[in-house]
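Notes follow the structure.
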DNA sequence: TCAAAAGTGTTTGGGTTACACCCATGA
DNA sequence: TCATGGGTGTAACCCAAACACTTTTGA
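Residue numbers (our numbering), protein chains in the order written: chain Y, 296 to 541; chain E, 296 to 541.
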């Protein structure tokens, strides 16, 4: 707590009283529902309560690398879509002292998720929770989720990040269900879906999908064509600067 | 540095090694140019360098209230549009130890700005700098400005925050110049302005402007009509949920 | 009377929306 | 053959973009 300090900066030593954490809102999509990966805390404070996966930032870590570490320890996944959302800093949000948290959100393919044995340090348990049914959480984690979800809704309109949540091969209907789960989350349930024809027209006109010439197997109806996302074309477009709405 | 701590939380005491600051990107508009209020630092580190106004967050402050305090100490202004932007946390960004900064941006009417005597504590000097000509800054403050300006550009398309930067009475041309300064900042200088007729059509169709039935005085050409922004209508619209582009 | 900025409508094209029926498969 | 979801085209409408001349004032 007193390393790093320097006689030259005596007047500001009084401000080195805080700790900070990262908390990660990890989104996944299971074909019908948008979900968040929560852990059951195994240590104080809030031991036994559900919470966002997160931890203190170490001296050797940047904010981003701490967020990556938390994600990898829990899921085993690297190279994941990860964005800083916002920091929360109420004075008494942590009983152990002044702790600021930096919220992140990440998008993973839910099928890739495996609980890592190493994650059992802090987490007794990890589970996917549907956005709607999330219980009372530790700290101010419900606020972090609200901010993250708002950011996801904004992002999905201007960047094709939906693909981060889908398996490598997917159908247009799956893609549409994902957009509906994100964009129509607060709309009346069975009412206004997106229009199927218009959705397909729009998505296909972006030329970001590659037709795999394969179809679903084992479904009790006409099998759907499978597509993959064309990352190369997307990056080329991004360079040139583009945006779209849905 | 050791208050607040509790025997129950011994295992995390090691993480209370950091300090955190707020840095505020204060935008103003002088009729032609979008500007940022910078201070010349009067204390170490980076004494003598230009920097964003900012300071350490005290134990009794939230992040937001620290940002408000910094703004008020420097400008004397309260009730200002203020938004958190993003936190930066590179390991060695502050020579005195681990210091995370939380970036904010605010929008003020440039004519309201008066340097406060109390601000001379840390700031030897404060000055408006045109966005294009901002010199090398202390810390990573150029990054904070980049993030803040990107956020401003996004916000101005979906919320009528431009009015925060204009005097109470303004002309449509002034409003247009403001939008041009924000939205066309990276476009070739004298080339593509916004179209005057389309801009007016769009702005007036929003019904957020009140025609004051007054005109400019003392101009060497046909005087322009003056308008004010209708906050009541704006809030009503916001409740109902709206958005627009330009 | 001249310079300088204010003010004002119409046309065109592209994109979004609304909408209904046939197709392929497994049970 | 039936149930289930997959797949397809067109017309109407609205909003965005392009575009040029007249008006009012002070110098």
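All C-beta atoms in this analysis are idealised placements derived from N, C-alpha and C, irrespective of residue type, glycine included.
Practice task
Name, in chain order, the residues that DSSP records as bridge partners for residue 425/Y.
Solution key: 330/Y
Handout entry: Run of the alpha helix (DSSP H) containing residue 474/E, from where it starts to where it stops
Key = 467–478
Practice task
For the segment 454–473 of chain Y and the segment 358–365 of chain Y, state whether three or more C-beta atom pairs, one from each stretch, are separated by less than 8 Å.
Solution key: no
Exercise for the section: Could you please tell me which residues of the segment 422–454 of chain Y, in chain order, have their CB closer than 7 Å to any CB of chain E? Expected result: none
Handout entry: C-alpha distance - residue 349/Y paired with residue 490/E, whole-angstrom precision
Key = 49 Å
Practice task
Ignore the nearest five residues each way along the sequence and tell me which others in residue 424/Y's own chain have a CB closer than 7 Å to its CB.
Solution key: 330, 331, 333
Handout entry: Straight-line Cα distance separating residue 367/E from residue 300/Y
Key = With a pLDDT of only 48 at residue 300/Y, under 50, the local geometry of the prediction cannot be trusted, and no value is derived from it.
Exercise for the section: Check the C-beta distance from residue 510/Y over to residue 519/Y and give it rounded, since I have them as a contact under 8 Å. Expected result: 7 Å
Handout entry: residue 469/Y burial status per 10 Å Cβ neighbour count (16 or more: buried)
Key = buried
Exercise for the section: Return the first residue and the last residue of the alpha helix (DSSP H) that residue 494/Y is part of. Expected result: 491–500
Practice task
Answer with yes or no whether the minimum CB distance from residue 310/Y to chain E is below 8 Å.
Solution key: yes
Practice task
Would you kindly check if the distance between the Cβ of residue 407/E and the Cβ of residue 372/E is under 8 Å?
Solution key: yes
Problem - Those residues which DSSP pairs with residue 335/Y across a bridge - result: 345/Y, 420/Y
Practice task
Indicate whether the contact test is met: 3 or more Cβ pairs, each with one atom in the segment 381–396 of chain Y and one in the segment 381–398 of chain E, closer than 8 Å.
Solution key: yes
Problem - Short Cβ contact (8 Å threshold) for residue 317/Y with residue 358/Y - result: yes
Practice task
Pull up the DSSP beta-bridge partners for residue 504/Y, would you.
Solution key: 524/Y
Practice task
Give me the Cα-Cα distance between residue 353/Y and residue 501/Y, rounded to the nearest whole angstrom.
Solution key: 42 Å
Exercise for the section: Pull out every residue of the segment 373–385 of chain E whose Cβ sits closer than 7 Å to any Cβ of chain Y, in chain order. Expected result: 379, 381, 382, 384, 385
Exercise for the section: Pull up the DSSP beta-bridge partners for residue 318/E, would you. Expected result: 349/E, 398/E
Exercise for the section: List the residues that DSSP assigns as beta-bridge partners of residue 323/Y. Expected result: 330/Y
Handout entry: Within-8 Å CB hit, residue 415/E to chain Y
Key = Only weak support exists for where residue 415/E lies, its pLDDT of 49 falling under 50; the value from the coordinates is given anyway. False, the Cβ-Cβ gap to chain Y never drops below 8 Å.
Problem - Beta-carbon spacing of residue 498/Y, residue 467/Y below 8 Å - result: yes
Handout entry: Burial state of residue 507/E (16 or more Cβ within 10 Å)
Key = exposed
Practice task
State yes or no: is the beta carbon of residue 363/E nearer than 8 Å to at least one beta carbon in chain Y?
Solution key: no
Handout entry: Test item: CB-CB of residue 482/Y and residue 324/Y under 8 Å
Key = no
Practice task
Measure the C-alpha to C-alpha separation of residue 328/Y and residue 337/Y and round it to an integer number of angstroms.
Solution key: 27 Å
Practice task
Output the distance between the C-alpha atoms of residue 312/Y and residue 473/Y, rounded to the nearest integer angstrom.
Solution key: 44 Å
Problem - Beta-carbon contacts of residue 438/E that lie in its chain and below 7 Å, excluding the five residues immediately before and after - result: 383
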